[in-house]
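S.K.: What follows is a single structure, and I will ask about it in a moment.
Residue numbers (my numbering), protein chains in the order written: chain A, 1 to 358; chain B, 1001 to 1293; chain C, 2001 to 2388.
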């Protein structure tokens, strides 16, 4: 008990508990609403994408916030996870009837494939710095999109068939296309659910928060704060950079598999530069390195355009204005003053309390 | 002969990328920010010129001037309202704000001009020039674009190296604090940079729409990203780098389409970019900044 | 301290947002009950913003004109609502759910193919009948008994185009330029190639473009030119097509151009030099210059309201609403029927009825949801369509 109290009192401990607390409370409230029918179908439809975006934001925060490298191609890893996940669930549809098992397999395979992509991208990319690194991640994101766009995968009695650029194989009559080049995937079984999204968020939080508070996490932050100093005390910067990057990619892959299984159709074009930017907006608005900030920003900014549907054609215009306003407020002196004022009030309260106690 | 045809298309496309990239590079050099709204300023320039020549019946040159004036003012206003309050904020905050501005411009354009395609009348008239008995055709827009690109680059280089304002600009880009101590008005200098960058965007917009004559609210976004890539390719912050990067990117894009695969041309362009950056991590003509302890 | 305060603020915002949604639900619930009175609620998702906004807005406007006309007649009353889907599958599902909350009884699906595929699964499980004006891919209707199309399915257009070209001997060496990240374009291309082979047409050049490279077609045109193509098949929408025509002209290359229904609208592009489109052939079900009363009235109204010439998307949407009105009347449906009841009634009506609209006479639907109407071959002469 004492140990827990001590943990809760420490800064990082408080953050961790807070993150879990918020997520679990939110889940219970929303799940109760879903079960009692107190939530509109538009909100219900948003639950799984919000879960996927939260995981995306948290994982990108590991690269941008904790490792301190700007990545503009995070959607590429999501794409890898999504499509590899779909190949798994579709090709195993006959062997494993249970949807849950297939979803878990899809998420695991999605994570592994995205992690492999992460290594392939990370090894060259992490040699670069700053905006050059950012543009190369953008480039890799676009390359991944382009390649999946010309990928044909089909399945028939004799197994899986692959080809690139054009469909070079013919399927027997039992066969069907899984990925049909630029036309993407059609007729995906919807296996994702809010519960699976929630569990995935918990796993993500558990692993990433533990990583941040571990020896490796401190090493990663040391690399971010001062690479040369970190080098000089014997931290292998390449190793830790790659580690953070690959873990981040793996979680993006999981989010991708979760996301893809929520829609009956998906194309590579969905995971483009704009999606990468969207995730980055979540991370920056939520605060760099601030995990629960990412969670809240991802939720809010996914809900916002839907809540603005009432204003019709002005919807995206107002969204843009709100986004600018939020960024300006986040960095304004007004916010600082408000925070100071509040801090002062609390101090006074505490002092008063102390006096009364005495 | 088809090789020459492709080469000319590539240089023409690349020159437009280069003019846009020059705007990116100028702003980046001074404000150290990636101005993602730059592509949308291009679109505004295109629409302005379109309105002036089509609705008001102005001569093309007046349309171009109007576009330049409007975009210059727009650039300064955006800088004052959206970026200036964030001068002390982390650079990523400014990046996200720039994305917000980009959304804003696109959607405002959608509301003002509607969603339907407008066909842009080229500001450069006249028949294309036929060489070698019609086997090689060069449009007049291509020639104007290439010439404009070279003139702009030379003018900018002269401006930044010879004029007083240009020197102030370079000083601010080296060290803001020290520049201020030397009596340079940093705010004015940054505004001026945005004004020049946005004015260039207007010219790029007019040339882009003249060469590829469709105008939509999203017209600027893809060339914007490509030009940003070009700026980094050549070494961001370097004026000749932007020119070189832009033209190379255009030529590689066209050659990849022509000789390898139209389906994978984007992937090939980006792959070349990655390879170049791995060999030269600061871009082709970028300055190498060594880290200090 | 700073952190916990901002967390508090954010938390409050979040609760506010969720509460806002709760509020929405309450109001739509009450809306549901009050709606069970006078008007049929027809909803559709459409790209009202973003790069496909041009099609979304055309559909929303065409449908609105039809709904206003029908409502003015005093019989069946229609309440129409479009939600923005930005031509994005995820947003389309959100928009569709929003319409469900609004109490949608009949759906117009989505305007574009991929979003329509995404929501058609939901439409099928929710038992809401859908008639999409323009989502033409096969996967939209495949395996769903309650999703119908007003436009031709993509494969039909590809096959019909190849047949037309070979029957009329329009060209011997054919080049195709298609958009390979687009379902519509790819679908037509694939069928066209298959049918062209069967008919012995020679395809000399096949080149592609994507969203990211839709500005410059010099390579594709040079390729076609150097291989001596005398006809270029353009299975795409008219925005890139207008660019191709302009670029071909500036290269001094003048083959025949053959388009599909997406090409319709090319003459309405503002400020487009229509002389460039001279001699372009296309298959389209709708012709804004037709002289029959229906078309003339529609075009006039549309021009008056939105000051532009309607394209085929607007006409398809207009027909959708009229087809609904006809089917509802024939079924004797009333606005207080549930969506399940309406769905069954509509499936029955649509598979048995014949409909005359702007985009075709004697249209019928089979049980897969595909429409049967014959595309008209048109050629552009003196800036107007002329039947071939």
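We put the beta carbon where it would ideally sit given N, CA and C, even for glycine.
Just by C-beta distance, which residues in the segment 1208-1234 of chain B are closer than 7 Å to chain A?
M.R.: Close to chain A, meaning a Cβ-Cβ distance shorter than 7 Å, are the following residues of the segment 1208-1234 of chain B: 1225, 1229, 1232.
S.K.: Counting only beta-carbon atoms, is residue 2093(C) nearer than 8 Å to chain A?
M.R.: So yes, residue 2093(C) belongs to the interface.
S.K.: Is it true that the segment 102-114 of chain A meets the segment 69-89 of chain A, where meeting means three or more beta-carbon pairs spaced less than 8 Å apart?
M.R.: yes
S.K.: Does any residue of chain A bring its CB to less than 8 Å from the CB of residue 1097(B)?
M.R.: yes
S.K.: Got a sec: is the Cβ-Cβ distance from residue 2064(C) to anything in chain B below 8 Å?
M.R.: It does not: the Cβ of residue 2064(C) has no partner Cβ on chain B nearer than 8 Å.
S.K.: For the segment 1077-1148 of chain B, which segments carrying the beta strand (DSSP E) assignment without a break, of at least 3 residues, lie completely within its bounds, in sequence order?
M.R.: 1129-1131, 1136-1138
S.K.: Short of 8 Å Cβ to Cβ, which residues in the segment 268-281 of chain A face chain B?
M.R.: 273, 277, 280, 281
S.K.: Which residue marks the beginning of the beta strand (DSSP E) containing residue 2079(C), and which one marks its end?
M.R.: 2078-2084
S.K.: Throw me the rounded Cβ distance for the residue 186(A) and residue 2117(C) pair, which I believe falls under 8 Å.
M.R.: 6 Å
S.K.: Which chain C residues are close to residue 1254(B), counting only those with a beta carbon under 9 Å from its beta carbon?
M.R.: 2216, 2218, 2219
S.K.: Going along the chain, which unbroken runs of the alpha helix (DSSP H) with 4 or more residues stay wholly within the segment 2167-2199 of chain C?
M.R.: 2183-2198
S.K.: Got a sec: is the Cβ-Cβ distance from residue 1145(B) to anything in chain C below 8 Å?
M.R.: no
S.K.: Tell me whether residue 1274(B) is buried or exposed, calling it buried when 16 or more other Cβ atoms sit within 10 Å of its Cβ.
M.R.: buried
S.K.: Let me check one thing: in DSSP terms, what residues is residue 2149(C) bridge-paired to?
M.R.: 2132(C)
S.K.: If you count every other CB in all the chains shown that lies within 10 Å of the CB of residue 102(A), and 16 or more means buried, which is it?
M.R.: Under the 10 Å beta carbon count, residue 102(A) is surrounded by 16 or more other beta carbons and is classified as buried.
S.K.: Counting beta carbon pairs with one atom in the segment 1011-1022 of chain B and one in the segment 1135-1145 of chain B, are three or more of them shorter than 8 Å?
M.R.: At 8 Å Cβ cutoff, the stretches touch.
S.K.: Measuring straight from C-alpha to C-alpha, what distance separates residue 218(A) and residue 235(A)?
M.R.: 10 Å
S.K.: Can you give me the C-alpha to C-alpha distance between residue 2365(C) and residue 258(A), rounded to a whole angstrom?
M.R.: 37 Å
S.K.: Residues in its own chain within less than 7 Å of residue 1249(B) by CB, not counting five upstream and five downstream?
M.R.: 1014, 1017, 1226, 1229, 1230, 1233, 1269
S.K.: Mapping DSSP to helix, strand and coil, what is residue 2045(C)?
M.R.: strand
S.K.: Measuring CB atoms only, is the segment 278-291 of chain A touching the segment 24-39 of chain A, in the sense that at least three cross pairs come out at less than 8 Å?
M.R.: Touching, no, given that fewer than three Cβ pairs across the two stretches are closer than 8 Å.
S.K.: Just to confirm before moving on: does the CB-CB distance between residue 1115(B) and residue 1213(B) stay below 8 Å?
M.R.: no
S.K.: Quick one, which of 1267(B), 1239(B), 1251(B) has its alpha-carbon nearest residue 1284(B)'s?
M.R.: For residue 1284(B), the closest alpha carbon among the candidates 1267(B), 1239(B), 1251(B) is that of 1239(B).
S.K.: I'd like to know whether the C-beta of residue 1005(B) is nearer than 8 Å to at least one C-beta of chain C.
M.R.: yes
S.K.: Does the count of Cβ pairs from the segment 1034-1051 of chain B and the segment 1198-1214 of chain B closer than 8 Å reach three?
M.R.: yes
S.K.: Quick check on residue 2034(C): buried or exposed, where buried means 16 or more other Cβ atoms within 10 Å of its Cβ?
M.R.: Note that residue 2034(C) has pLDDT 38, beneath the 50 cutoff, so the model's placement of it is unreliable and no number is given.
S.K.: Strictly by DSSP, which residues pair up with residue 2390(C)?
M.R.: The shown model of chain C, from 2001 to 2388, leaves out residue 2390(C), and the question about it has no answer.
S.K.: Within the chosen definition, does the segment 92-99 of chain A reach the segment 228-245 of chain A through at least 3 CB pairs nearer than 8 Å?
M.R.: no
S.K.: Determine the extent of the beta strand (DSSP E) in which residue 1275(B) is found, giving its start and end residues.
M.R.: Taken as a continuous stretch (DSSP letters only), residue 1275(B) belongs to no beta strand (DSSP E), being part of the alpha helix (DSSP H) at 1265-1279.
S.K.: In the DSSP assignment, the alpha helix (DSSP H) including residue 75(A) goes from what residue to what residue?
M.R.: That run of the alpha helix (DSSP H) goes 74-91.
S.K.: Among the residues of its own chain, which have a CB less than 6 Å from the CB of residue 182(A), if the five just before and after it don't count?
M.R.: 149
S.K.: Out of 1022(B), 1159(B), 1031(B), which one is the CA nearest neighbour of residue 1176(B)?
M.R.: 1031(B)
S.K.: Quick check on residue 2215(C): does DSSP put it in helix, strand or coil?
M.R.: coil
S.K.: For residue 2179(C) and residue 2240(C), which I take to be in contact (beta-carbon distance under 8 Å), what is that distance rounded to the nearest angstrom?
M.R.: 7 Å
S.K.: Starting from the C-beta of residue 2342(C), find all residues in its chain whose C-beta is less than 7 Å away, skip the five residues before and the five after it, and write them out in chain order.
M.R.: 2105, 2106, 2129, 2333
S.K.: So is residue 1044(B) in contact with chain A if we call contact Cβ pairs under 8 Å?
M.R.: no
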